[in-house]
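Peer 1:
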Amino acid sequence: MGYYLIMNQAIAKVYSVGNYTISETDTKRDVDFRRFNVSKDGARKPYVVTFQTNTGRKAACSCPAGIRQLGCKHVVMVKSVYA
Ligand SMILES: [Zn+2]
22 MGYYLIMNQA
32 IAKVYSVGNY
42 TISETDTKRD
52 VDFRRFNVSK
62 DGARKPYVVT
72 FQTNTGRKAA
82 CSCPAGIRQL
92 GCKHVVMVKS
102 VYA
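Quick note on numbering: the sequence shown equals residues 22 to 104 in our numbering.
#1: How far does the alpha helix (DSSP H) with ALA64 in it reach, from first residue to last?
#2: Just the Cα atoms here: how many angstroms apart are SER37 and VAL99?
#3: Could you give the DSSP three-state label for SER101: helix, strand or coil?
#4: Taking the C-alpha atoms as reference points, what is the distance between ARG78 and ARG50?
#5: From CYS84 to THR76, what distance separates their C-alpha atoms?
#6: For ILE88, count neighbouring C-beta atoms within 10 Å of its own C-beta (all shown protein chains included) and say buried if the count is 16 or more, exposed if not.
#7: Could you check where the beta strand (DSSP E) with PHE54 kicks off and where it finishes?
#8: Taking DSSP's pairing of strands, which residues face THR42 in a bridge?
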């Protein structure tokens with residue numbers, strides 16, 4: 022008997038916060054613990070919010086404030102729905 026690895030079976034939950042849509046995506050390169058797309062209605066590209074720990078303490082976002090590590094509303098938004 023072996024184990025079967027079934028990929029891509031998880032159904033991601035999608036949340037709406039105001040004008041934003043938040044969805045969880047696959048992690049990348051084993052550096053993220055959890056990874057989310059945060060997209061505003063009408064925006065071309067989502068911002069990517071990542072957490073490096075399961076407690077969400079180390080968070081990053083691809084928006085201008087997030088890149089400068091100032092903290093941003095996207096991280097707060099993701100925490101508010103996935104906490
Ligand atoms: Zn942000």
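Ideal Cβ placement from N, Cα and C applies to all residues, glycine included.
Peer 2: Based on what the coordinates show:
#1: Neither: ALA64 is in no alpha helix (DSSP H) and is coded neither H nor E.
#2: Distance between the alpha carbons of SER37 and VAL99: 10 Å.
#3: SER101 falls in the helix class under three-state DSSP.
#4: Their backbone Cα atoms lie some 19 Å apart in a straight line.
#5: If you take the alpha carbons of CYS84 and THR76, they lie about 21 Å apart.
#6: Exposed, by the Cβ-count rule.
#7: Counting along the chain, PHE54 falls outside any beta strand (DSSP E), and DSSP gives it neither H nor E.
#8: DSSP output for THR42 lists SER37, SER60 as bridge partner(s).
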